[in-house]
Every structure is written in C-alpha cells, then in structure tokens.
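In the order they appear, the protein sequences are chains A and B.
Heads up, the first sequence is in our numbering, so the first residue is 1 and it goes up one at a time.
Heads up, the second sequence is in our numbering, so the first residue is 1001 and it goes up one at a time.
Idealized CB from N, CA, C, for every residue including glycine.
Worksheet: one structure, shown below.
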Amino acid sequence: MMNVQDIRKQFPILHQEVNGKPLVYLDSAATSQKPTQVIDAVERYYKEINSNVHRGVHTLGTHATDAYEGAREKVREFIHASSTEEVIFTRGTTTALNMVASSYGRANLQEGDEVVITPMEHHSNIIPWQQVVKATGATLKYIPLQPDGTIALEDVEATVTANTKIVSVMQVSNVLGTINPIKEIAAIAHQHGAVMVVDGAQSTPHMTIDVQDLDCDFFAFSGHKMCGPTGIGVLYGKKKLLENMEPFEFGGEMIDFVGLYDSTWKELPWKFEGGTPIIAGAVGLGAAIDFLNEVGMDNIQQHESHLAKYAMEQLSTIDGVSIYGPENRAGVVTFNSDDVHPHDVATVLDTEGIAVRAGHHCAQPLMKWLEVTATARASFYLYNTEEDVDTFVAGLRKAKEFFGHVF
Amino acid sequence: MSFNNLDQLYRQVIMDHYKNPRNKGELEEGDLKINMNNPTCGDAIQLQLKVDDGKISDAKFIGEGCSISLASASMMTQSVKGLEVDQALKLSGIFSDMMQGKEYDEEDFDLGDIEALQGVSKFPARIKCATLSWKAMEKGFKEQDEA
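In structure tokens:
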C-alpha cells in the first residue's frame, strides 16, 4: 500500500493556502503537480549539465546527451516498448497526435478511406483527423457510445470496415473516466488492416502501460500530467511504421547529410526530433517516471479508483447532482448540479481553496452527446485523500446552499 | 456558514438579474443579430439589437451560461437601450475598465445595476463571463461598420 501522507510531503505546492483555505487540488487531469524529485532534477540539469545534445565534443555535451538519452530509455521501459528507436520526444500529446495525422495520415489516406474515432475524444484527437481527411478526401467516422459513456466492441466491429485505414481512440476519457478496451479495439482495427492510434494522455499517468501488449501502432502522452514538466511528451510508434514516415519538422538535429538541393535524415528516433530537443523536459520526465515507479503504478491506479468511487458515493448523497460516465472508471468525476452552473460551482469551490475544472474540457462533441453546455470535474491523483473528497463535497453543498437562496 | 467572499461577487442585484433576466427573448424585427461564444467554457449568447437613427431602440438576448454572464447580459441590454451607438460603445469601454479594476469615468452615465458587477474584477477567472454580452455588442457594431 502507498502512504499518501508521505507522498504529499514530496509535493511542495500542496502545502499552501488558497483564498485563506488549505489547497485541495482536484484538477490533475488538466495538469498534475510536481514532486521535489522532478523539480530538483530539472534544476540540477540547468545548474550542472546544461549543454546541447548530440553534437559537442566537450564533456558537458556528453553529459547532456547521456541525460537526454537516459530519459528516453526510462520512457521505453515505462511503456514497455521494445526499443528506444520507437520513443520520440515531442512537446506533448497534441503534437504527437498531429505528427501521426500529418506524417502518417497524409501519406496513407486517399479518397474512399476512413478514419475512425469516437465522440468522447479530446479535441486533440479530433481536429488533426478533421484536417487530414479534408486534405486527403478521406472520411471521418465515429464509433457510437453506449448510454453510460462506454464503447461496445460490437459498435467498433460495425464501424470499422475494409476502407478504414486509421482507428484513433483515447485510452481513458478526461471527462467520463471511461477506461476503453484498447487491446480489443486494436485487434479489430488490425483485422481490417487499419493502424491503431492511442491517446494515452489520461491513462499513462495512472496505470501500467504496455504498448506491446496493447499492440497499438502509435501511442501518445504528455509529461505534465504524470508529475513531469510541461512542454515534454512522447510519441511511441512501431519501428516499421516510423521508418517509412517522413519527418514532421525539418532542420537541425534530424539530418544525416545536407546538400544544396537535397538532404537525408538521421535514423530513428532522431529523424522526428528536428531542432534542439526539450532536454530539460525529458530529464524531468525521466525523474517523474522514477518517482512513479517507486510508488508503483498499480498502487496509484487502485488509490484513484477508490477515490473516484468514494467521491461518487458522497456526491450521490446530494440532491440534484448528476454524475456523467460509467460506474467503473479512472480517477475522474464529472458532474452537474441542477441549480448551479458549473462556473459558479467552480467559483464557490475556489473560495474554499478547492481547485476543480469547469467548462467543456476540450471535448465539445462529448458535451453535445451529454446534452450539456458545460460540466464541472474533479480529478484525482496519487496525492489526493478521502479528506480532499470530503472538503470538496462540503464545498459543493455550500454552493447549493448559496444558490438555493436565489431560486 | 459564512458567504462573505461570495457575497462580494454574487451581489443581490446580480442574482436578481440571473433569476429574472430582463430582455430575454428574440426581437421580432432586429437589425443586428450577433452570436458570441466563450470558447474556453462553452457559454454562448445571441444578442439582438434594433437601431433607429443611430440609437439603440431595442435589445434582447438568448443564451446559456453561468450566473455572471447571464446577469451581465440582462443588465447590458437594459442599460444600452435608448443610447446612441457611440454612447453604448463608450459605456462598453467603461465596463471593460471596471472589469479590469481600472479607474473609470462614469460622469456621463448612470451605471445603475451594472455597478454591482464591480466585484467580478476580484475574480479574474470570471471577467470573461461578465464581458461576453458587451463584446457581442462591440462585434455587432464593428461588423456593421465594415459591411
């Protein structure tokens, strides 16, 4: 079992008052807080080893390269990829998904082809596909959702056809908390000759990821949602696919030979890392992975699923609160209160020191599916406690009481 | 339970406009129809204005949003009705200053209920809610000018 109080000690930001109340941070699905270990690793990088990578003959250049490539190895192990050639550092999930859509999508889609996604996707797993189908004449199709916000494999079977070239689905919903059956969806995609792309932004921070077991072709995630710095993320891709893809950005770092009219590219993974890479970010992500491994991903998942269950139980004791999404879920609880708009809920909670998200959560098609314009969301991570949930539920009661005077 | 902090933001008059919005609905014959969203939160309003001889003769709105954005739209339509277009735009500028916590010149106007929104400036995350309907009006007149 993990000791949450010990974990909390390692997150300096949690020990402060906001609006005169102890901070209760319930917005980790937007971005997680960072432990001292990660903050120190980034600081140490800048204080002791900062240099550009893959070029200097000098000692610091070697140290920086070792730190950067060492982080790549940590990522490889963390997601169980077979080789670091398959681990590309990017700015985040959005960039990673855009790389797949632009580099793989544009080269492999034509009129008559289909890209299949779901209505629960984050905008970053919708818009890149909208753009690539517009450019190629392919069609965008949606797997319908079950009433509880899950995906039924029969619906995947019914949507994916011989014309489908790409299936792209989020592993965990940032709104509903749904954990999607990626391995099974990937198998269906492969039966039809399509590649499987996974948005792992909300899963990688919270559960064990094994890209080989999932048998996905591409997998994208962000460092900042998993205790790492902002500005660093990863695109995993199967080697045989990456080898045949054109680079996404052209310039320094990614070249083999440059002539006046033509150039050749470095081998994997560097051909996809044009420009000076996000070295400090990668080092910070490596430290975050060490931290998460010490706690144990299975412990983290268990803890969060307990908190989500507890929060849903507590919320259901308040009249007029609707909770969206399935019973079994990751640590995300999205809700609405009959008589208080989610912004007003978030403002009232904020005056109590409680940080939640209100709005459409970058999932406007899903809001439409839920037939709401906005919702409020509490999301949990390894540093949250049952007391956090209690404070949050008391804050929501207060919001209802306050607005109850009005209506 | 104390609601002190909240009372600064959610003044009684704001809650009254939220509960009983003035000018909610659609104009039979409007001159300007402007849709405005707050893309970060999903709030959406449609503002309709009728202009006769450079004067706003009627204003109505429909929309979905939080207490602040809907109360503000209600107050805005109330206060610009009867104003010359350039006066309404000037008032919009004053409102914008008020929201940013700047000094504002109120000499030419009776701000009336609008003044109750002053507290919003202390809640930076909510300023965009309060300015949504005003921005819609500005957009409407700007597009009319360009047409």
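- Does the Cβ-Cβ distance between P277/A and V87/A come in under 8 Å? no
- Query: Distance, Cα to Cα, L145/A vs E1138/B?
  - Reply: 40 Å
- Could you spell out where the alpha helix (DSSP H) holding L285/A opens and where it closes? 279-295
- chain B beta carbons: is any one of them nearer than 8 Å to that of H190/A? no
- Query: Under the rule that 16 or more other beta-carbon atoms within 10 Å means buried, what is D388/A, buried or exposed?
  - Reply: buried
- Task: Pick out whichever of L1049/B, Q1078/B, C1041/B, D1097/B has its Cα sitting closest to the Cα of H341/A.
- Result: C1041/B
- Message: So the candidates are P181/A, Y142/A, T347/A; which of them puts its Cα closest to the Cα of V198/A?
- Response: P181/A
- Note down, in chain order, every chain B residue with its Cβ under 7 Å from the Cβ of A378/A. What A378/A touches in chain B: nothing, since even the nearest Cβ is about 17 Å away.
- Message: With H, G and I counted as helix, E and B as strand and the rest as coil, what does DSSP make of D1007/B?
- Response: helix
- Query: According to DSSP, is T164/A helix, strand or coil?
  - Reply: strand
- Could you give the distance in angstroms between the alpha-carbon of K225/A and the alpha-carbon of V100/A? 21 Å
- Query: Of all the beta strand (DSSP E) runs that stay within the bounds of the region 243-284 of chain A, which reach a length of 3 or more residues?
  - Reply: 255-258, 263-265
- Task: Step through the CB atoms of chain A and report whether any lies within less than 8 Å of the CB of S1067/B.
- Result: yes
- Counting pairs of beta carbons, one from the region 51-71 of chain A and one from the region 283-290 of chain A, are three or more of them closer than 8 Å? yes
- Could you check how far apart the C-beta atoms of A399/A and L349/A are, in whole angstroms? I think they sit under 8 Å. 7 Å
- Query: With a CB to CB cut of under 6 Å and the five nearest residues on each side skipped, what residues in its chain are close to V1013/B?
  - Reply: D1113, A1116
- Message: Which complete beta strand (DSSP E) runs does the region 129-155 of chain A hold, if anything under 3 residues is left out?
- Response: 139-142
- Would you say F272/A reaches chain B, if we count a Cβ-Cβ gap shorter than 8 Å as a contact? no
- Query: Below 8 Å between beta carbons: does that hold for I300/A and L382/A?
  - Reply: yes
- Task: At 7 Å on the CB atoms, spell out the chain B contacts of L348/A, in chain order.
- Result: Reading off the sequence shown, one finds Val at residue 348/A, where the question assumed Leu. Within chain B, the residues near V348/A are L1006.
- Query: With a cut-off of 8 Å, do at least 3 Cβ pairs link the region 290-300 of chain A to the region 79-98 of chain A?
  - Reply: no
- Query: Helix, strand or coil: how does DSSP classify I1127/B here?
  - Reply: helix
- Assign F11/A to one of three DSSP states: helix, strand, or coil. coil
- Contacts that G1101/B makes with chain A (C-beta to C-beta distance below 9 Å): Those within 9 Å of G1101/B in chain A number zero; the least Cβ separation is about 17 Å.
- Task: Return yes when the Cβ of L1009/B is within less than 8 Å of the Cβ of G1119/B, no when it is not.
- Result: yes
- Task: Write down the C-beta distance between G1082/B and K1060/B rounded to the nearest angstrom, noting that I regard them as a contact closer than 8 Å.
- Result: G1082/B to K1060/B, Cβ: 14 Å. No contact.
- Item | Proximal residues of chain B, C-beta to C-beta of N384/A below 8 Å | Result: empty, since nearest Cβ-Cβ is about 22 Å, beyond 8 Å.
- On the three-state DSSP scale, how would you describe Q171/A? coil
- Item | 8 Å CB neighbourhood of M1015/B in its chain, flanking five on each side removed | S1067, A1071
- Task: Could you confirm whether any beta carbon from chain B is found closer than 8 Å to the beta carbon of M1/A?
- Result: no
- List in chain order: all unbroken beta strand (DSSP E) runs of 3+ residues lying wholly within the region 290-336 of chain A. 321-324
- Message: On the CB-based measure, 16 or more other CB atoms within 10 Å of its CB, does R357/A come out buried or exposed?
- Response: buried
- My understanding is that I255/A touches K266/A, with C-beta atoms under 8 Å, so please give their C-beta distance in whole angstroms. 6 Å
- Please state whether DSSP places L1111/B in a helix, a strand or coil. coil
- Within its chain, find whatever has a CB closer than 8 Å to the CB of E386/A; leave out the 5 residues flanking it on each side and keep chain order. L307, Y310
- Nearest CA to the CA of V75/A: which residue from S28/A, T59/A, G228/A, H122/A? G228/A
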